[in-house]
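The structure under discussion appears below in the form of structure tokens.
Chains as they are written, first to last, in the numbering used here: chain P, 1 to 283; chain U, 1 to 283.
Written out as structure tokens, the structure reads:
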């Protein structure tokens with residue numbers, strides 16, 4: 001595994017592969033890798049000649065009161081995990097090599113960025129879109145791999161790629177869960193024992209939505225009421241949002257329709273720790 | 001000259017050239033071509049294996065009260081001029097092929113976009129940056145050619161290319177002027193006879209600034225006072241702004257300094273027609 005620290009060094013190493021028309025898969029991460037990340041790496045390895053993984057904790061996507069400084073880090077362990085997967089390239093740039101001092105350009109995906117998580121994190125998706133756009137320009141991958149756990153992020157990036165005429169395939173990979181159903185997330189390490197025990201309730205609520213739809217329920221108010229009932233089991237959970245939205249434009253759906261794929265999505269706090277989860281539902 | 005109407009058709013024609021590592025020069029225009037545009041085409045032809053010229057009146061860069069609908073058009077004449085220059089590719093997309101119905105992604109260059117023309121045209125440079133970014137992604141040129149007349153546009157695009165890690169050289173080409181000094185512009189056709197006769201005063205004011213600096217003046221307030229004196233000759237001119245700014249960050253300069261390249265820039269209305277001009281000054 002080659003570890004590159006600057007966009008220039010990375011570009012030099014990738015150029016021969018591009019010239020040989022090798023396909024390049026790209027998996028962007030913020031490090032502290034778990035099985036969710038590794039499943040993206042395996043998929044990219046299977047579908048491409050070479051795979052580039054980036055580890056970069058992007059300051060632009062954190063709000064002023066968010067967890068940028070305490071975001072978990074363990075580069076040594078990350079490297080060892082990526083080596084085991086036979087990852088070809090690991091890109092770990094310094095912040096100053098990504099954002100020059102007079103950096104001032106942002107990419108913004110309008111409507112999609114303001115929905116769901118965008119309401120409590122108003123500049124988050126602008127930061128995500130900007131850094132992904134930069135990395136796509138540096139790496140010029142054939143395919144970009146994103147996890148379904150950040151479903152809104154996936155749609156924002158997919159829309160940006162379409163709107164800006166970028167030549168990359170954006171591929172979403174399913175959520176990887178702990179045995180008790182909690183979606184894997186680097187932020188799960190923040191949870192104390194009691195909250196960790198309650199956290200699987202998020203997934204249980206999503207499964208309740210799927211069950212309700214399977215039994216014929218089409219009214220999303222009633223489906224959400226059922227989900228809230230499940231969430232009540234977790235006494236320390238402070239719900240941020242619970243929504244059932246059109247999977248493409250993330251607009252709220254009132255009545256389910258066979259022709260519209262929807263996502264049930266939620267976010268909530270255990271103490272200061274914000275967790276998200278979602279599930280795709282076909283009516 | 002091959003005329004292409006869609007990004008897909010253009011891409012198919014350019015792909016063999018990219019594979020052969022031919023250098024591609026790109027000259028974006030809004031049509032109604034004059035010698036200023038053609039000087040960019042000639043420069044691109046000289047410096048590249050093939051040249052792509054685009055004609056696209058970009059709705060995103062016009063404000064709600066601006067001249068989008070009456071912007072001058074003459075595609076037949078434009079084609080004939082470009083053929084005479086042996087232009088290889090002309091790209092004339094329809095608006096719907098550039099902006100899909102649910103298009104919602106914009107690129108914004110922060111500080112630079114708010115200065116000079118940005119004060120009276122608050123969304124203009126966002127529209128310019130977005131369309132240029134899209135066209136760069138469609139065409140993937142080696143070099144991009146922009147005229148100095150839109151100096152702020154040049155800096156905004158140059159900064160965007162740097163900030164977003166785009167692999168294109170941004171090249172600025174000098175202003176081409178009418179015999180009486182008026183900077184060539186598609187909008188000059190709007191001027192009535194009286195205004196057209198007065199319009200060269202813009203360039204005369206810029207030359208007065210250069211003369212003042214040559215005689216040792218370093219105080220920009222006094223230089224601008226001299227320029228305003230010249231502009232008074234044009235009774236019908238309504239000045240929008242007159243500034244002397246740092247050529248890189250477009251911030252106002254109070255005292256000229258040998259080490260800082262500056263631009264004297266102005267904009268003014270003759271009737272409803274807004275004209276701009278500028279000149280680079282070395283102290």
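Backbone N, C-alpha and C define an ideal beta-carbon position, used for all residues, glycine too.
**Message:** Nearer than 7 angstroms: is that true of the beta carbon of residue 276 of chain U relative to any heavy atom of the ligand ADP?
**Reply:** The ligand content of the structure shown is nil, which means the ligand ADP is not present either.
**Asked** Taking buried to mean at least 16 other C-beta atoms within 10 Å of its own C-beta, is residue 76 of chain U buried or exposed?
**Response** exposed
**Request:** Take the Cβ of residue 167 of chain U as the centre, count every other Cβ of all protein chains shown within 10 Å, and call the residue buried at 16 or more, exposed below.
**Result:** exposed
**Item:** Interface partners of residue 251 of chain P on chain U, CB under 7 angstroms
**Value:** For residue 251 of chain P, none of the residues of chain U pass the 7 angstroms Cβ criterion, the least Cβ distance being about 11 angstroms.
**Asked** What number of angstroms, rounded off, separates the C-alpha of residue 122 of chain U from the C-alpha of residue 263 of chain U?
**Response** 21 angstroms
**Asked** Rounded to whole angstroms, how far is the Cβ of residue 31 of chain U from the Cβ of residue 78 of chain U, which I believe are closer than 8 angstroms?
**Response** 5 angstroms
**Runs of beta strand (DSSP E) wholly within the segment 61-108 of chain P (minimum 3 residues, chain order)** = 89-91, all fully within the segment 61-108 of chain P.
**Request:** Note down the Cα distance separating residue 215 of chain U from residue 104 of chain P, rounded to an integer number of angstroms.
**Result:** 37 angstroms
**Prompt:** Can the beta-carbon of residue 55 of chain P be found less than 8 angstroms from the beta-carbon of residue 29 of chain P?
**Reply:** yes
**Asked** Would DSSP call residue 219 of chain U helix, strand or coil?
**Response** strand
**First through last residue of the beta strand (DSSP E) which encompasses residue 2 of chain P** = 2-4
**Where residue 83 of chain P falls, given that 16 or more other Cβ within 10 Å makes a residue buried** = exposed
**Asked** What's the call for residue 192 of chain U, buried or exposed, on a 16-neighbour Cβ count within 10 Å?
**Response** exposed
**Message:** Rounding to the nearest angstrom, what Cα-Cα distance links residue 86 of chain U and residue 1 of chain U in this structure?
**Reply:** 7 angstroms
**Asked** How would you call residue 100 of chain P, buried or exposed, if buried means at least 16 neighbouring beta carbons within 10 angstroms?
**Response** exposed
**Buried or exposed by the 16-neighbour rule on C-beta atoms within 10 Å, applied to residue 48 of chain U** = buried
**Status (buried if at least 16 other CB within 10 Å, exposed otherwise) for residue 35 of chain P** = Around the beta carbon of residue 35 of chain P, fewer than 16 other beta carbons lie within 10 angstroms, which makes this residue exposed.
**Item:** Under 7 angstroms from the C-beta of residue 163 of chain U: neighbouring residues of chain P
**Value:** What residue 163 of chain U touches in chain P: 103, 104 and 105.
**Asked** Is residue 49 of chain U helix, strand or coil by DSSP?
**Response** In the structure shown, residue 49 of chain U sits in coil (DSSP, three-state: anything other than H, G, I, E or B).
**Selection of the segment 105-121 of chain U by Cβ proximity to chain P, strictly under 9 angstroms** = 105, 106, 107, 108, 109, 110, 111, 112 and 113
**Sub-8 angstroms separation of residue 10 of chain P and residue 138 of chain P beta-carbons** = yes
**Asked** Smallest Cα separation from residue 15 of chain U: which of U:43, U:50, U:275 and U:27?
**Response** U:50
**Item:** Assigned secondary structure, residue 26 of chain U (DSSP; H/G/I helix, E/B strand, else coil)
**Value:** strand
**Item:** Chain-order list of residues whose beta-carbon lies under 6 angstroms from that of residue 182 of chain P (same chain, five-residue window excluded)
**Value:** Within the same chain, residue 182 of chain P has close Cβ partners 199 and 200.
**Asked** Three-state secondary structure (DSSP) at residue 178 of chain U?
**Response** Taken through DSSP and simplified to helix, strand or coil, residue 178 of chain U comes out as coil.
**Prompt:** Counting contacts by CB-CB distance shorter than 8 angstroms, is residue 137 of chain U in contact with chain P?
**Reply:** yes
**Message:** Short of 7 angstroms in beta carbon distance, which residues of its chain neighbour residue 13 of chain P, apart from the five on each side in sequence? Order them along the chain.
**Reply:** 2, 4 and 89
**Request:** Report all residues from its chain with a CB closer than 6 angstroms to the CB of residue 171 of chain P; omit the five preceding and five following residues, and keep chain order.
**Result:** 143 and 145
**Asked** Between which two residues does the alpha helix (DSSP H) carrying residue 130 of chain P extend?
**Response** It spans 124-139 - the alpha helix (DSSP H) in which residue 130 of chain P sits, taken as one unbroken run.
**Prompt:** When DSSP labels each residue in this structure, what does residue 21 of chain P get in the three-state scheme?
**Reply:** coil
**Item:** Option nearest residue 43 of chain U by Cα separation, candidates U:173, U:22 and U:261
**Value:** For the residues U:173, U:22 and U:261, the minimum Cα distance to residue 43 of chain U belongs to U:173.
**Asked** Taking the C-alpha atoms as reference points, what is the distance between residue 72 of chain U and residue 217 of chain U?
**Response** 41 angstroms
**Request:** Can you say whether residue 108 of chain P is buried or exposed, counting buried as having 16 or more other CB atoms within 10 angstroms of its CB?
**Result:** buried
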